[in-house]
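Report on one structure; see the data block that follows.
There are 2 protein chains.
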Amino acid sequence: MKQIEVQQKVLKRHQDIAQHLRGRFDKASLLAINIMGSPGCGKTALLEVTAKELANRYRTLVLEGDLQTDNDAKRVRAVGLKALQINTNQACHLDALMVERALADSKVNLDDFDLLVIENVGNLVCPAGFPLGEHCRIVLCSVPEGFDKPAKYPRMFYKADCVLLNKIDLLDVLDFDKDAFWQFVKQVAPKAARFEISCKTGQGTDAWLDWLNQQRTNLLGK
Amino acid sequence: MKQIEVQQKVLKRHQDIAQHLRGRFDKASLLAINIMGSPGCGKTALLEVTAKELANRYRTLVLEGDLQTDNDAKRVRAVGLKALQINTNQACHLDALMVERALADSKVNLDDFDLLVIENVGNLVCPAGFPLGEHCRIVLCSVPEGFDKPAKYPRMFYKADCVLLNKIDLLDVLDFDKDAFWQFVKQVAPKAARFEISCKTGQGTDAWLDWLNQQRTNLLGK
């Protein structure tokens, strides 16, 4: 019982901080998105392949979450986006406190940005339970992971606003039942937007960027 | 502080149960291995492609860990191995208590088996912290995940007895720096055995099975 009580207190604290962050993002008219998915599904690659369009459309800030290394922040900076690295060490997900501290430490002014992309730790389970104040939750899957992942890891998909299927350039090489994959997604997250992309070829990323633009328009219209 | 104390108590309890399980495995001369890796890296496929050899060599029991569904247990049973499914619901890893309960509920007699394969929840972070009484920790990576994963997720590799690189049939299609991958592995887990395999073609699985056989011989020689 004591364990449950302590966990609930910790979760409540994270939710409070996330709510506070959301207020700050709203005040700055900053669209915040939380990109989640397995290790190697292509979260950083999605930023790389769309960097030019993102930079043209938005003053973009990226928060890179990883246990170790600043590999991903370096990759994102190399394509011209401003990026902050958060190393979680042992932690399997980002939490709102880490985001709040990273923003404070970097002394960025949120008013200077239109879009905040939070790339979570590669993990198809744990990040689902930790809100970061984001407006949109993006779940990125990839063809090599197999088509049954939404059924096996439903918690990650329940609250998704958008599900992206990446590495569709490998559909000819791999045995992936695309119809079954989307059927699973519809069962778990019927309202989520759905896009097929290849971060290698760029295929499908225009539709994703249009959806993102719509989210920002919605935010500004509030 | 209270949170840390409670966490330590919980971890200690899991360690005690793991130690108890290990004693039971030893007594039954049962080699127990814990296979860990990202979602879709090929943990179940490894069992499928080696099922015939495993069945020929050992009386094999498989414990399948997943948040939801019994897809993996069904796949393993379809190739003739005895499998028990553990659904963790929200939990991002198996723990020793879940293993103990699954064995108790199924009423299996450990003396009836030579090899216990525990397939953990697809997650490259959390399972690392939870011993299950296993003799060997196997980390399964796959080419599409990218070559830098041992550097970015070192905790999973620290205590690995064996690292397998799966999906090498995709090396021609994908941009994967194999030398850098193994260099990272050697830095984090210098003593781990290393094998390259394809669960699609069967390539490299003989060497893996030989290594497994050696572990069982070592156990029986103790």
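Line by line, the protein sequences are chains R and G. Each residue of the first sequence is one higher than the one before, counting from 77 in this note's numbering. Each residue of the second sequence is one higher than the one before, counting from 77 in this note's numbering. Even glycine gets a Cβ: it sits at the ideal position worked out from N, Cα and C. Quick caveat, the model's predicted, so the values are computed rather than measured.
Given that residue i touches chain G, what residues does it touch there, using C-beta distances under 9 Å?
i, result
"R/R213", "Going along chain G, no residue has its Cβ under 9 Å from R/R213, so there is no contact; the nearest lies around 17 Å."
"R/L186", "What R/L186 touches in chain G: nothing, since even the nearest Cβ is about 28 Å away."
"R/N294", "Going along chain G, no residue has its Cβ under 9 Å from R/N294, so there is no contact; the nearest lies around 31 Å."
Mind checking who residue i pairs with in its DSSP beta bridge?
i, result
"R/D102", "According to DSSP, which records beta bridges pairwise, R/D102 is partnered with nothing at all."
"G/L107", "G/L191"
"G/A269", "G/C238"
"G/L137", "G/K158 and G/L192"
"R/S218", "R/N242"
"G/M232", "DSSP lists no partner for G/M232."
"G/R213", "G/N110"
"G/D142", "G/N163"
Can you list, in chain order, the residues of its chain with a C-beta nearer than 7 Å to that of residue i? Leave out the 5 residues immediately preceding and following it.
i, result
"R/H169", "N196, V197, N199, C202, P203 and F206"
"G/E129", "L285"
"G/D181", "none"
"R/A178", "L139, L160 and I162"
"R/Y229", "L200 and V201"
"R/V125", "C275, G278 and T281"
"G/G156", "A127 and A131"
"G/K146", "The displayed chain sequence assigns Asp, not Lys, to residue 146 of chain G. Within the same chain, G/D146 has close Cβ partners Q161."
"R/A94", "A172, P207, L208 and G209"
"R/V264", "P226, P230, F233 and Y234"
"R/A256", "F223"
Hey, could you find the ends of the alpha helix (DSSP H) residue i is sitting in?
i, result
"G/D148", "N147 to A154"
"R/G297", "T281 to G297"
"G/V125", "K119 to R133"
"G/D181", "A172 to S182"
"R/V261", "K254 to V264"
Residues of chain G with CB under 8 Å from residue i, in chain order?
i, result
"R/G41", "This structure does not reach residue 41 of chain R, given that chain R is present from 77 up to 298, and the question cannot be answered."
"R/A227", "Q144, T145 and N147"
Kindly indicate the opening and closing residues of the beta strand (DSSP E) around residue i.
i, result
"R/Q161", "K158 to N163"
Closer than 7 Å by beta-carbon distance: list the chain G residues that pair up with residue i, in chain order.
i, result
"R/L266", "The sequence as given places Pro at residue 266 of chain R; Leu does not occur at that position. Chain G residues near R/P266: none, gap ~17 Å exceeds 7 Å."
"R/E221", "P115 and G116"
"R/R231", "L143 and Q166"
"R/G198", "L200"
Between which residues of its own chain and residue i is the CB-CB distance below 6 Å, once the five residues before and five after are set aside?
i, result
"R/F189", "L106, R135 and L137"
"G/L240", "L216, F271 and I273"
"R/D187", "A104"
"R/M174", "I162"
"R/A149", "E140, A159 and Q161"
"R/R153", "A159"
"G/A283", "F271"
"G/K235", "R213"
"G/M112", "N196, P203 and V215"
"R/R98", "G209"
Using a Cβ-Cβ cutoff of less than 8 Å, which residues in the same chain neighbour residue i once the five nearest sequence positions on both sides are dropped?
i, result
"G/L247", "V219 and K254"
"R/I109", "L191, L192, V193, I194, E210, H211, C212, R213, I214, L288 and Q291"
"G/A121", "N242, C275 and K276"
"R/A269", "D237, C238, V239 and W287"
"G/P115", "G198 and N199"
"R/G222", "F252"
If the cut is a Cβ gap below 8 Å, which residues of chain R does residue i touch?
i, result
"G/C275", "Going along chain R, no residue has its Cβ under 8 Å from G/C275, so there is no contact; the nearest lies around 12 Å."
"G/D224", "T145 and N147"
"G/K243", "P220"
"G/V249", "L246 and V249"
Would you verify that the beta carbon of residue i is, or is not, closer than 8 Å to some beta carbon of chain B?
i, result
"G/V201", "Checking the listed chains, one finds no chain B in this structure; the protein chains it contains are R and G."
Flag residue i as yes when its Cβ comes closer than 7 Å to any non-hydrogen atom of the ligand NAP, and as no otherwise.
i, result
"R/D181", "The ligand NAP is absent from the structure shown, which contains no ligand whatsoever."
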